[in-house]
Amino acid sequence: MKVLISGSSGLVGSALCQRLESEADFEIVRLVRKQSPDTPDTTVVWNPAEGQLEPEAFAGIDAVIHLGGVNIAGKRWSPEMKQKIFNSRFQSTSLLASKLAALEQKPSVLLCASAVGFYGDRGDERVDETSARGAGFLADVCQAWEEATHSARDAGIRVINMRFGMILDRKGGALSQMVTPFKMGVGGKLGSGKQYWSWIALPDVINAILFCLEHTELSGPVNFVAPDEVTNLEFTKTLGKVLSRPTCLPVPAWGIKTLFGEMGQELMLTSARATPTRLTEAGFQFQYPKLEDAFRSVLQ
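Each residue of the sequence shown is one higher than the one before, counting from 2 in the numbering used here.
Structure representation (structure tokens):
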């Protein structure tokens, strides 16, 4: 299977490429925004902001995996930053989907990143792929992001919108930022600690992507989250346990809002109790279904 991947240098993309390169059945083509001396030969350059993507990029491609987008936690959400977050997802996905739809020989499947931010702040409510969109900036972004794939779907391409929870890995993502303060003994719950944090270990993300490629009955939104539903309090206590450190220094909600503004509210204090309903119903087996086991693996 020949796979075109955008965002190949990111947390998920780099792990996915490493995995696919170890499999004899896959050939990778990287979709990149800038060519560099270190870039592999099998790359295609595109410019979503200017609508540049040559049809030749899709020659012989069987599947497309779109993982690109500006880091949502890179800096405080000014109006300019929010526009960058939105544009980096909507423009690139719209361009990719429209180009795919126009091809005579189309790939069979498009897997596109999204997030559980789609559901907004839902308190203790369990949400699955049939749940309605929530409120907030991230919910707006995710809805537009997913709708941008519709031109590919309407052209007959199987589309999966991967609604990622917090991806756990020691080399990147939110967990990598949390480990140092927790090791120093200054970790603790955020706000009330009652908000649910949906999470998934990076190896399970990669396994789930391969599962979705193979299982043609899957399409539409798919929650990429582990079945172990935990609150922020449970998350931080478990992290402290694995690191053998106390978690007795909570950060009040007002402090988070003061320091990080809207970004802090949506990324740290919002509650998303998402379930992996479609994955589990299709028969996917999680390598790390429990949070403590996931921590012990990714932090070793």
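Where a beta carbon is used, it is the ideal one built from N, C-alpha and C, also for glycine.
If you're wondering where the values come from, they're calculated on a predicted model, not measured in any experiment.
Next on the checklist: So threonine 237 and tyrosine 197 are supposed to be a Cβ contact under 8 Å. How far apart are they, rounded?
Outcome noted: That belief does not hold up - the Cβ atoms of threonine 237 and tyrosine 197 are roughly 13 Å apart, past 8 Å.
Checklist entry - Roughly how far, in whole angstroms, is the beta-carbon of valine 206 from the beta-carbon of isoleucine 161, given that I think they are within contact range, below 8 Å? => result Actually they do not touch by this definition, with Cβ atoms about 13 Å apart.
Checklist entry - Going by DSSP, what residues sit across from leucine 32 in a beta bridge? => result Ser7, Val45
Checklist entry - When you compare each of Thr276, Lys100, Val30, Glu51 to threonine 131 by their alpha carbons, which one comes out closest? => result Thr276
Checklist entry - Applying the criterion that 16 or more other CB atoms from any shown protein chain within 10 Å of the CB defines a buried residue, is asparagine 224 buried or exposed? => result buried
Checklist entry - For glycine 174, which three-state DSSP category applies? => result helix
Item to check | Sequence-distant residues of its chain with Cβ nearer than 6 Å to glycine 192 (five each side left out) | outcome: Ala254, Leu270
Next on the checklist: Using the Cβ count rule (16 or more neighbours within 10 Å means buried), how would you classify alanine 60?
Outcome noted: exposed
Checklist entry - For cysteine 249, does the count of other Cβ atoms within 10 angstroms reach 16, so buried, or fall short, so exposed? => result exposed
Item to check | Opening and closing residue of the beta strand (DSSP E) in which isoleucine 168 lies | outcome: 167 to 169
Next on the checklist: Within a Cβ cutoff of 7 Å, which residues of the same chain sit near glycine 14, ignoring the five residues on either side of it in sequence?
Outcome noted: Ile6, Gly8, Leu68
Checklist entry - Which full runs of the beta strand (DSSP E) of 3+ residues lie inside the segment 189 to 241, going along the chain? => result 200 to 202, 221 to 225
Item to check | Under the three-state DSSP convention, the category methionine 163 falls into | outcome: strand
Checklist entry - Exposed or buried, glycine 188, counting other C-beta atoms within 10 Å across all chains shown (16 or more means buried)? => result buried
Item to check | Option nearest threonine 181 by Cα separation, candidates Leu280, Pro247, Lys85, Gln19 | outcome: Pro247
Item to check | Residues near arginine 20 by beta carbon distance below 8 Å, same chain, minus five either side | outcome: Ile207, Leu211
Checklist entry - Going by Cα to Cα distance, which pick from Ser95, Ala149, Asp141, Arg164 is closest to serine 115? => result Arg164
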